[in-house]
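In terms of UniProt numbering, the sequence shown has 19 at position 19, counting the first letter as 1, and numbering is strictly consecutive.
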Amino acid sequence: MTKQEAQALVKYNDDIKNHRWTSKPQIRKYDKVYNGKLRIVFGERRYIRDNDSEKLVDRLGDILVTLYEKAEENRIVREAREEAERKRVEEARRREENRQRKEQEIRLVKELVNKAEDYRIAKEIREYIQAMIDSGNEDITPAWIEWARKKADWYDPSIATEDEYLGKRQHEKNAEEKEKSL
1 MTKQEAQALV KYNDDIKNHR WTSKPQIRKY DKVYNGKLRI VFGERRYIRD
51 NDSEKLVDRL GDILVTLYEK AEENRIVREA REEAERKRVE EARRREENRQ
101 RKEQEIRLVK ELVNKAEDYR IAKEIREYIQ AMIDSGNEDI TPAWIEWARK
151 KADWYDPSIA TEDEYLGKRQ HEKNAEEKEK SL
């Protein structure tokens, strides 16, 4: 910005503060003034410009070759960047799939352990029923035996009967969740 442009800007701001009518000064956006010579810039340090010995019109072949070379460089850089992005996305997708597979495997193992625990309890109930029958206890009635066998079948995940009062047992849940659902 030149001295005159700075003074014009100060005067404009003063006029605005004092509520006077004024128009905004026309200040150039660029410091470089056109000198009549063209320059074509192809990148950070590559350019072709007019000079005293030859004009740009005479160098159209060089300009086209340079444009092609620069386009090829840009294509190679773009493809490398896209390939790196594809690899990054693929790696992220693979990690996410592995994480999901691991979570699913953990869930399936927990379900298996919970079902095995229910099966063990059902087996113990059946052994208890048989022991009570074998002991010849007079308090054991056929109705109690039938009721106890139904509860063992309800506990057993291989049979998984539905109880009329307790509903269907959710064998895949852990003991705390099963207790809450009772």
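Cβ atoms here follow ideal geometry from the backbone N, Cα and C, with glycine treated the same way.
Could you say which of V33, S158, E5 lies nearest to R24 if we only look at CA atoms?
Translated into the one-based positions of the sequence shown, residue 24 becomes position 24. For clarity, residue 24 is Lys in the given sequence; the question names Arg instead. It is E5.
Starting from Y68, trace the alpha helix (DSSP H) in both directions and tell me its first and last residue.
As a position in the sequence shown, residue 68 is number 68, starting the count at 1. Run containing Y68: 60–135, per the alpha helix (DSSP H) assignment.
Please classify D163 as buried or exposed, where buried requires at least 16 other C-beta atoms within 10 Å of its C-beta.
Here residue 163 refers to the residue found at position 163 of the sequence shown. Burial call: exposed.
Buried or exposed: A116, going by 16 or more other Cβ atoms within 10 Å of its Cβ?
Here residue 116 refers to the residue found at position 116 when the sequence shown is read from its first residue. So A116 counts as exposed.
Mind the definition here: the segment 149–158 touches the segment 120–140 only if three or more C-beta pairs lie below 8 Å; say whether that holds.
Touching, yes.
Since I129 and A160 are thought to touch, with beta carbons under 8 Å apart, how far apart are those beta carbons, to the nearest angstrom?
For the purposes of this step, residue 129 is taken as residue 129 along the sequence shown, with counting starting at 1. For the purposes of this step, residue 160 is taken as residue 160 along the sequence shown, with counting starting at 1. Contact between I129 and A160 is ruled out by a C-beta separation of about 19 Å, above the 8 Å threshold.
Using the three-state DSSP reduction, which class does D156 fall into: helix, strand or coil?
For the purposes of this step, residue 156 is identified with residue 156 of the sequence shown, where counting begins at 1. Reduced to three states, the DSSP call for D156 is coil.
What span of residues does the beta strand (DSSP E) with V57 cover, start to end?
As a first step, residue 57 must be located in the sequence shown, where it is residue number 57. Where V57 is concerned, there is no enclosing beta strand (DSSP E), given that its DSSP letter is neither H nor E.
Rounded to the nearest angstrom, what separates I27 and V65 at their Cα positions?
The residue labelled residue 27 in the question sits at position 27 within the sequence shown. The residue labelled residue 65 in the question sits at position 65 within the sequence shown. Straight-line Cα distance between these residues: approximately 38 Å.
Assuming Y12 contacts T22 (C-beta within less than 8 Å), just tell me the rounded distance between them.
Translated into the one-based positions of the sequence shown, residue 12 becomes position 12. Translated into the one-based positions of the sequence shown, residue 22 becomes position 22. Indeed, because the Cβ distance is near 6 Å, the residues count as touching under 8 Å.
Rounded to a whole number of angstroms, what is the C-alpha to C-alpha distance between K180 and E105?
Walking along the sequence shown from the start, residue 180 turns up at place 180. Walking along the sequence shown from the start, residue 105 turns up at place 105. K180 and E105: Cα-Cα distance of roughly 25 Å.
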